[in-house]
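Colleague:
Numbering (the working numbering), first residue to last: 2 to 403.
#1: Enumerate in chain order the residues of its own chain whose CB-to-CB distance from residue 391 is below 7 Å, with the five nearest sequence positions on each side excluded.
#2: Could you pull the start and end residues of the alpha helix (DSSP H) that residue 200 belongs to?
#3: Using CA atoms only, rank isn't needed, just tell me which of 94, 340, 380 is closest to residue 328.
#4: Could you compute how far the alpha carbon of residue 247 sits from the alpha carbon of residue 70?
#5: In chain order, which alpha helix (DSSP H) runs of at least 4 residues are fully inside the stretch 37-111?
#6: In three-state DSSP terms, what is residue 375?
#7: Keeping to the same chain, check which residues put their C-beta closer than 7 Å to that of residue 35; ignore five residues upstream and five downstream.
#8: Is there contact here, the stretch 104-116 with the stretch 167-186, by at least three beta-carbon pairs under 8 Å?
#9: Tell me the rounded alpha-carbon separation between residue 3 and residue 210.
#10: Taking the alpha helix (DSSP H) that residue 277 belongs to, which residues open and close that run?
#11: Check each candidate in 89, 84, 266, 359 and name the one with the smallest Cα separation from residue 51.
#12: Could you pull out every residue in the same chain whose Cβ sits closer than 7 Å to the Cβ of residue 206, ignoring the five residues on either side in sequence?
#13: For my contact list, residue 14 and residue 61 are in at a C-beta cut-off of 8 Å; report their separation, rounded to the angstrom.
#14: Along the chain, where does the beta strand (DSSP E) containing residue 315 start, and where does it finish?
#15: I'd like to check one pair, residue 58 with residue 75: are the Cβ atoms closer than 7 Å?
#16: Determine whether the beta carbon atoms of residue 383 and residue 396 lie at a separation below 7 Å.
#17: From residue 408 to residue 176, what distance separates their C-alpha atoms?
#18: Cutting at 6 Å between CB atoms, please list the residues of its own chain near residue 200, excluding the five before and the five after it.
#19: Let's test the definition: count the other Cβ atoms within 10 Å of the Cβ of residue 304 and tell me whether it reaches 16, buried, or not, exposed.
#20: Determine the burial state of residue 267: buried for a count of at least 16 other Cβ atoms within 10 Å of its Cβ, exposed for fewer.
#21: Have a look at the DSSP bridge pairing and note the partners of residue 399.
#22: By DSSP, does residue 394 sit in helix, in strand, or in coil?
#23: Is the Cβ-Cβ distance between residue 319 and residue 349 less than 7 Å?
#24: Specify whether the stretch 240-254 and the stretch 280-291 touch according to this definition: at least 3 beta carbon pairs, one from each stretch, less than 8 Å apart.
#25: Quick check on this structure: which residue in 376, 355, 354, 342 has the alpha carbon closest to the alpha carbon of residue 363?
Laid out in structure tokens, this is it:
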């Protein structure tokens, strides 16, 4: 499904209603307290608003406009404890994002050098001598979340509830802590009820937790909205006889062609999965040449492997080549496009996010955060937006323009 991330800020409720009407599946509210710690200090200290403000406004606006049952509300931004989850649920959140605290659970020490390839515990480094210092195991993260779950169970028992969903949207259960308000002089006399008292009462009407009647009701996470999962193009590609034969044979050159539209997201990711299931990360020994024509949706060519050669004639949205491990992606405009390629954007933002290998060529400009977190891909484009090569630790990027 489609997830839309909204920054916690004034007026977020109006935006959330528009996003819900546009058939988003998930609306994610991001607060200003999260992040890796590698951002500028001014951003860490002064940018963004607390997630509580944005979440309560978005939930209230959606509920008041009869749109709450269309979407799932997710929240993140500095959430660390079971208490945080309980408060977020009472303000209307159904899903929760953990970032920084999960990193800390597996050994991150918040050195804030993620972009320098010098992480002292090897979390964000490609240097083998540093990676050997990585202390984390999956069990550390699992153990942390077990404690979070236990804390939630204790809070629910204290409140007299046995099901977590019974807490969602129950802002009437929240009460200001007089002790905390009186703790320092700055907060004495401050009243928080004005911020959160406008959340609609939902103690008796819990219909917003279910999918719309038009979708058959039931739990939201069991219903895929009109956006669907992945596109049919991916399935068509994987079921193509020539493609299946090329994967089975694993040698020689094979060429196939397809048309694409901008609702086709993560195109070729499913194909990369089929290849990796048989041959792992080393990909194909032969070449699978895939010629695609049209306007590609988000994450075109995600997780491309060696042996995959994608040639897109048209344009692409954000996240082209996300997680690319090998192979080749070429994006070029149509011959009769009618514009100067070097002056026009042909791919969106955050292309080659987290790429570890492969070659990328764009006959046109790229958007912002080009090659963010790249650690091995070779890329050429004709200009980029802001923050090119952000957090990049390996590979080569050539931007022929500004």
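Just so you know, even glycine gets a beta-carbon here, dropped at the ideal spot from N, CA and C.
Modeller: Result, derived from the coordinates:
#1: Stepping through the chain shown from its first residue, residue 391 is reached at position 390. Here residue 391 has 116, 370, 373 as same chain residues with Cβ atoms under 7 Å from its own Cβ, once five neighbours each way along the sequence are excluded.
#2: The residue labelled residue 200 in the question sits at position 199 within the chain shown. Premise fails: residue 200 is in no alpha helix (DSSP H) and is neither H nor E.
#3: For the purposes of this step, residue 328 is taken as the residue at position 327 of the chain shown. Cα-wise, what sits closest to residue 328 is 380.
#4: Here the question's residue 247 lines up with position 246 in the chain shown. Here the question's residue 70 lines up with position 69 in the chain shown. Using only the alpha carbons, I get a separation of about 45 Å.
#5: Qualifying alpha helix (DSSP H) stretches, in chain order: 42-47, 52-65, 83-91, 101-106.
#6: The count along the chain shown starts at 1 and reaches residue 375 at position 374. Coil, per DSSP.
#7: The residue given as residue 35 occupies position 34 in the chain shown. The beta carbon of residue 35 is closer than 7 Å to those of 77, 78, 79, 100, 101 in its chain, skipping five residues each way along the sequence.
#8: Contact between the stretch 104-116 and the stretch 167-186 is absent, because fewer than three Cβ pairs lie under 8 Å.
#9: By one-based count along the chain shown, residue 3 stands at place 2. By one-based count along the chain shown, residue 210 stands at place 209. It is roughly 18 Å from the alpha-carbon of residue 3 to the alpha-carbon of residue 210.
#10: On the chain shown, position 276 is the one that residue 277 refers to. Unbroken alpha helix (DSSP H) run through residue 277: 270-280.
#11: Your numbering for residue 51 matches position 50 in the chain shown. Comparing Cα positions, the closest option is 89.
#12: As a working note, residue 206 is residue 205 in the chain shown. So the list is empty, once near-sequence residues are dropped.
#13: Here residue 14 refers to the residue found at position 13 of the chain shown. Here residue 61 refers to the residue found at position 60 of the chain shown. Between residue 14 and residue 61 the beta-carbon gap is near 6 Å, inside 8 Å, which marks them as a contact.
#14: Start at 1 with the first residue of the chain shown, and residue 315 comes out as number 314. 309-317 is the span of the beta strand (DSSP E), which, as asked, contains residue 315.
#15: Here residue 75 refers to the residue found at position 74 of the chain shown. Here residue 58 refers to the residue found at position 57 of the chain shown. Cβ atoms of residue 75 and residue 58: not closer than 7 Å.
#16: For this step, residue 383 is matched to residue 382 along the chain shown. For this step, residue 396 is matched to residue 395 along the chain shown. Contact: no.
#17: Residue coverage of the chain in this structure runs from 2 to 403, which leaves residue 408 outside it and unanswerable.
#18: Within the chain shown, the letter at position 199 stands for residue 200. 57, 61, 172, listed in sequence order.
#19: Position 303 of the chain shown holds residue 304. The residue is buried, with at least 16 neighbouring Cβ atoms inside 10 Å.
#20: Along the chain shown, read from residue 1 onward, the residue named residue 267 stands at position 266. Under this definition residue 267 is a buried residue.
#21: For the purposes of this step, residue 399 is identified with residue 398 of the chain shown, where counting begins at 1. Beta-bridge partners of residue 399 (DSSP): 381.
#22: To locate residue 394, count along the chain shown from 1; it is residue 393. For residue 394, the secondary structure class from DSSP, reduced to helix, strand or coil, is coil.
#23: Stepping through the chain shown from its first residue, residue 319 is reached at position 318. Stepping through the chain shown from its first residue, residue 349 is reached at position 348. Contact flag set, yes.
#24: Yes, the stretch 240-254 touches the stretch 280-291.
#25: Locating residue 363 in the chain shown gives position 362, counting from the first residue. With respect to the C-alpha of residue 363, the residue from 376, 355, 354, 342 having the closest C-alpha is 342.
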